[in-house]
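Student: Below: one structure in structure tokens.
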Amino acid sequence: MTTRLAVRRASGALLLSCVIACSSAGCESGTDQKDEPHRQVDPSDTAGLDGSDDTAFDTSSRDAADGSQASDAEQDATDDGVPEYALSAAPYTTLQGLWAPRALSDAAKSAMGGEIGVTDIARFADYDIGVQFEAGKPWVIHGELAPGFRQGSGGERSSLLYFWEAADPQMIDEESPIRFAGTTIAPMGSTYRPQSHLIAQVFESQVRSARRISEASGRPFDFAFIAGDMTDGGQENELAWTIDILAGGVIDPDSGVDDDPVPGPGNDFGDPFRSPGIGVPWYPAVGNHETLYMGTFPATDAVQEAAVGDQVIDFTDDLPLLRNIDTASNGFRDGSTPHGDVVTGGTTPPDPKRRILDLGQVLSALQAGGGEPVGHGIDDNNVFEELGYYSFHPIPGKPVRFIVINTLLRNLPTALGGISRTQFEWVEDELKSAQRNGELVIVGSHHRASDFGPVSVVSGGEFKSLLASYDNVVLHVAGHGHHNAKKLVRPSGSHDPEQGYWEIMCSSTVDFPMQSRIIELVYEGAGYLSVYVTNMEQNAADGTLARWALDLAVARKFFVNRSYRDKWAEGLDTMNLLLRFKLTSKITQAIEAEEWPTRVESEETLQQLSGP
């Protein structure tokens, strides 16, 4: 028998608190992008890979979940000794409440001047460094694209699409010898994250929280979209952990050797745990962190060799952006210590699954990932040609199209995005096809067009102009910036108040505020559309590792990454949005010709939640 676990932290120690789930019958067991135009027409396509060595991806450790999930407050025991982490007693979004930085005391400010540093995570609680729960934020209404808007009555309204978006999970193998955990002070801030050893638990908490809300809704999410940066170091094991959390099963976030710094199951960052999976079809976009070393640098042969070795090798002199920074240092976190102490030299147990993947291997892994649909939008040609872009219809037969683009700039030392001319022309063909069919369009990617770099063949301005020139495009959803942001994009020179779309960026799950979001498209009748954007906190229970990670993540901002704290404050008004649109007559006719759910989940489910 196993139990649901909450790991409590007091006076720098980790203490285990077990909540045993029992039923009335007793306790249960339990830029040079190589691409060709491509469109994924049938998301249920079952074509697979040939398993050749250059694209093969090891999935032998996967343990598929049965799709079941326990109650909100308790957890059914699993039959293999692997625990599941607890959530709050009731679900909630940022409409109900949100986690905000605690104000620093004078003692904390003084201590942060030299007595403690960003790596002294065992002492953060002594100075009350962390987060506090505050009142939520309502939807901020934007009607710029809907002059004369009127909200439909109950009989007129239809829910066209209801989905979950997560950006920048950035799964971290903190024990890898090629990390930069030793860099705590540099012009770009700290590459050391106090919470880096807990990212697997954090993302699992997001997935578990989203699934609970999906199952509490009148209907489940139509799909989930992962907006890129599924790994932090581009390593095979990091991507496998992310995929397995989404698909469901047992995740063992340890690498090298099996450490257990706090004896017992589920009470330290290296212990195996079970994820229920997201439980709905999921689709990925690729970002800069999937194949680039630390999301910025091409993985040289020397880096690849070091990744699977045991020696901490200083690469700072070999990387242009770090070459002249005296405080830059490689380093990893010791998995044999309770708090993952930083080690900047010597050895770490090696692991062959730390190899950095190329784009074809990333796409192969995503295609082979568990859960629905088969292939996750990626077919054999997409893998073979190393494309990374595709489209799908979230609800077969309905006039809504989702276009996923690949903004990775390969083989260039940059974290910024961009696309090739070939991909641009493919997107244009997709938009023309959707317009002919009277389909609404959502574009999804890792980078916003606003984050396209100067070396991109297609500029961000050109791409935005393309999207804005089609009146059926309503949203471009993205990540990359790790904070919430919005931008209204209109066609250049246009004075038509109904023309344009919204570019919205979701905060990351790896860094504070560690949020994801739920998006719903609602047809109001009379040619008007409302888009509800609702951010979701991870609903981790008090005392869990994921909840502790929030305190650690916010602390990073107080030490050397203060600009992130400012961006969090600026993003409060872009956290929850209600975007209005006036649709064309052709799209209106296409929508009204179909049958849709009449329950508006954002109002009847999300707004009515009572957690935590």
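With mature numbering (1 follows the signal peptide of the UniProt record, and there is no 0) as the guide, the letters of the sequence shown map in order to residues -25 to -1, 1 to 587. Quick reminder that beta carbons are idealized off the backbone N, C-alpha and C, glycines included.
Could you give the DSSP three-state label for Gly72: helix, strand or coil?
Tutor: In the sequence shown, the residue the question calls residue 72 occupies position 97. Reduced to three states, the DSSP call for Gly72 is strand.
Student: Would you check if there are 3 or more beta carbon pairs closer than 8 angstroms linking the region 164 to 181 to the region 239 to 252?
Tutor: Enough Cβ pairs lie closer than 8 angstroms, so yes.
Student: Thinking C-alpha only, which one of Phe427, Ile288, Ala343, Arg132 is nearest Ala358?
Tutor: The residue labelled residue 358 in the question sits at position 383 within the sequence shown. For the sequence presented, residue 358 should be read as Val rather than Ala. When each option's Cα is compared against that of Val358, the closest is Ala343.
Student: Determine the contact status of Ser431 and Gly456, defining contact as a CB-CB distance below 8 angstroms.
Tutor: As a working note, residue 431 is residue 456 in the sequence shown. As a working note, residue 456 is residue 481 in the sequence shown. Not closer than 8 angstroms, so no.
Student: Around the C-beta of Glu576, are 16 or more other C-beta atoms found within 10 angstroms, so that it is buried, or is it exposed?
Tutor: Position 601 of the sequence shown holds residue 576. Buried is the call here.
Student: If I'm right that Gly203 touches Leu267 with Cβ under 8 angstroms, what's the distance once you round it to whole angstroms?
Tutor: Counted from its first residue, the sequence shown places residue 203 at position 228. Counted from its first residue, the sequence shown places residue 267 at position 292. That pair is no contact at about 12 angstroms.
Student: Quick check on the DSSP output: the alpha helix (DSSP H) that includes Glu90 runs from which residue to which?
Tutor: Here residue 90 refers to the residue found at position 115 of the sequence shown. That residue, Glu90, is in no alpha helix (DSSP H); it is neither H nor E in DSSP.
Student: Count Cβ pairs between the region 554 to 569 and the region 402 to 414 that sit closer than 8 angstroms; are there 3 or more?
Tutor: These segments touch.
Student: Using a Cβ-Cβ cutoff of less than 7 angstroms, which residues in the same chain neighbour Gln410 once the five nearest sequence positions on both sides are dropped?
Tutor: As a working mapping, residue 410 is identified with position 435 in the sequence shown. Correct list, in chain order: Tyr445, Asn447.
Student: Taking 8 angstroms as the threshold (C-beta atoms), are Phe138 and Phe196 in contact?
Tutor: Locating residue 196 in the sequence shown gives position 221, counting from the first residue. Locating residue 138 in the sequence shown gives position 163, counting from the first residue. Yes.
Student: Cutting at 8 angstroms between CB atoms, please list the residues of its own chain near Ala40, excluding the five before and the five after it.
Tutor: On the sequence shown, residue 40 is found 65 positions in, with the first residue counted as 1. For Ala40, the predicted structure reports a pLDDT of 34, less than 50, and the residue's modelled location is therefore unreliable. The matter cannot be settled from this model.
Student: Among Pro466, Val508, Val449, Leu553, which one has its Cα closest to the Cα of Thr559?
Tutor: Translated into the one-based positions of the sequence shown, residue 559 becomes position 584. With distances taken between Cα atoms, Thr559 lies closest to Val449.
Student: To the nearest angstrom, how far is the alpha carbon of Tyr67 from that of Arg168?
Tutor: Position 92 of the sequence shown, counted from the first residue, corresponds to residue 67. Position 193 of the sequence shown, counted from the first residue, corresponds to residue 168. Cα-Cα distance, rounded: 26 angstroms.
Student: Can you tell me which of Gly428, Val255, Gly468 puts its alpha carbon nearest to the alpha carbon of Ala348?
Tutor: The residue you call residue 348 lines up with position 373 of the sequence shown. Sequence check: residue 348 is Pro here, not Ala. Per the Cα distances, Val255.
Student: Pick from Gln398, Gly129, His458, Pro259: whose alpha carbon is nearest that of Val337?
Tutor: Mapped onto the sequence shown, residue 337 falls at position 362. Out of Gln398, Gly129, His458, Pro259, Pro259 has the C-alpha closest to the C-alpha of Val337.
Student: Is the beta carbon of His172 closer than 8 angstroms to that of Phe244?
Tutor: The sequence position of residue 244 within the sequence shown is 269, counting from 1. The sequence position of residue 172 within the sequence shown is 197, counting from 1. Going by C-beta atoms, Phe244 is nearer than 8 angstroms to His172.
Student: Among Gln71, Asp234, Ile331, Thr484, which one has its Cα closest to the Cα of Thr271?
Tutor: For the purposes of this step, residue 271 is identified with residue 296 of the sequence shown, where counting begins at 1. If we check each option's Cα against that of Thr271, Ile331 comes out closest.
Student: Contact between the region 181 to 190 and the region 512 to 526 is defined here as three or more beta-carbon pairs at a separation below 8 angstroms; is this criterion met?
Tutor: Contact between the region 181 to 190 and the region 512 to 526 is present, because at least three Cβ pairs lie under 8 angstroms.
Student: Determine the extent of the beta strand (DSSP E) in which Lys373 is found, giving its start and end residues.
Tutor: Numbered from its first residue, the sequence shown carries residue 373 at position 398. Neither: Lys373 is in no beta strand (DSSP E) and is coded neither H nor E.
Student: With respect to the beta strand (DSSP E) encompassing Gln286, which residues constitute its N-terminal and C-terminal limits?
Tutor: Counting from 1 along the sequence shown, the entry for residue 286 is found at position 311. Segment: none, Gln286 is in no beta strand (DSSP E) and carries neither H nor E.
Student: So who's on the other strand from Val448, going by DSSP bridges?
Tutor: Position 473 of the sequence shown holds residue 448. According to DSSP, which records beta bridges pairwise, Val448 is partnered with Val416.
Student: On the DSSP letters alone, give me the boundaries of the alpha helix (DSSP H) that Gly335 sits inside.
Tutor: In the sequence shown, the residue the question calls residue 335 occupies position 360. Looking at the DSSP string, the run of the alpha helix (DSSP H) that includes Gly335 is 334 to 343.
Student: By the 10 Å Cβ neighbour count, where 16 or more other Cβ atoms means buried, how is Asp486 classified, buried or exposed?
Tutor: As a position in the sequence shown, residue 486 is number 511, starting the count at 1. Buried, because 16 or more other Cβ atoms sit within 10 Å of the Cβ of Asp486.
Student: Run through DSSP, which three-state label would Tyr67 get?
Tutor: Here residue 67 is taken as the residue at index 92 of the sequence shown, counted from 1. DSSP places Tyr67 in coil when its eight states are reduced to three.
Student: At the level of alpha carbons, what is the spacing between Gly321 and Val232?
Tutor: As a working note, residue 321 is residue 346 in the sequence shown. As a working note, residue 232 is residue 257 in the sequence shown. Taking the straight line joining both Cα atoms gives about 16 angstroms.
Student: Going residue by residue through the region 182 to 228, where are the continuous beta strand (DSSP E) segments of at least 3 residues, counting only ones entirely within it?
Tutor: Fully enclosed beta strand (DSSP E) runs of 3 or longer: 198 to 201, 224 to 226.
Student: In angstroms with no decimal places, state the Cα-to-Cα distance between residue 589 and Asp55.
Tutor: A question about residue 589 goes unanswered here, because the residues of the chain that appear run from -25 up to 587.
Student: Does Gln398 pass the burial test, meaning 16 or more other C-beta atoms within 10 Å, or should it be called exposed?
Tutor: Walking along the sequence shown from the start, residue 398 turns up at place 423. Classification for Gln398: buried.
Student: Locate the alpha helix (DSSP H) running through Leu442, then write down its first and last residues.
Tutor: As a first step, residue 442 is located in the sequence shown; it is residue number 467 there, counting from the start. 435 to 443 is the extent of the alpha helix (DSSP H) around Leu442.
Student: Could you give the DSSP three-state label for residue 588: helix, strand or coil?
Tutor: Only positions -25 to 587 of the chain appear in this structure, which leaves residue 588 out of reach.
Student: Please go through the same chain and pick out, in chain order, the residues whose beta-carbon is closer than 7 angstroms to the beta-carbon of Asp47, but skip the five residues on each side of it.
Tutor: For the purposes of this step, residue 47 is identified with residue 72 of the sequence shown, where counting begins at 1. The predicted model places Asp47 with a pLDDT of 36, which falls under 50 and marks its position as unreliable, so this point remains unresolved.
Student: For Asp309, which of Lys407, His117, Arg154, His458 has the nearest alpha-carbon?
Tutor: Counted from its first residue, the sequence shown places residue 309 at position 334. Comparing Cα positions, the closest option is Arg154.
Student: For my contact list, Ser134 and Trp571 are in at a C-beta cut-off of 8 angstroms; report their separation, rounded to the angstrom.
Tutor: Position 159 of the sequence shown, counted from the first residue, corresponds to residue 134. Position 596 of the sequence shown, counted from the first residue, corresponds to residue 571. Right, their Cβ atoms sit about 6 angstroms apart.
Student: Residues in its own chain within less than 6 angstroms of Pro116 by CB, not counting five upstream and five downstream?
Tutor: Walking along the sequence shown from the start, residue 116 turns up at place 141. With the sequence shown as reference, residue 116 is identified as Ile, and Pro is not the correct amino acid for it. Excluding residues within five positions, the ones whose Cβ falls inside 6 angstroms are Leu553.
Student: Taking 7 angstroms as the cut-off, is the CB of Glu578 close to at least one heavy atom of the ligand GTP?
Tutor: The ligand GTP is not among the ligands present in this structure, which contains no ligands whatsoever.
Student: Can you tell which of Glu109, Tyr60, Lys84 has the C-alpha that lies nearest to the C-alpha of Pro76?
Tutor: Counting from one through the sequence shown, the residue named residue 76 turns up at place 101. That would be Glu109, whose Cα lies nearest to the Cα of Pro76.
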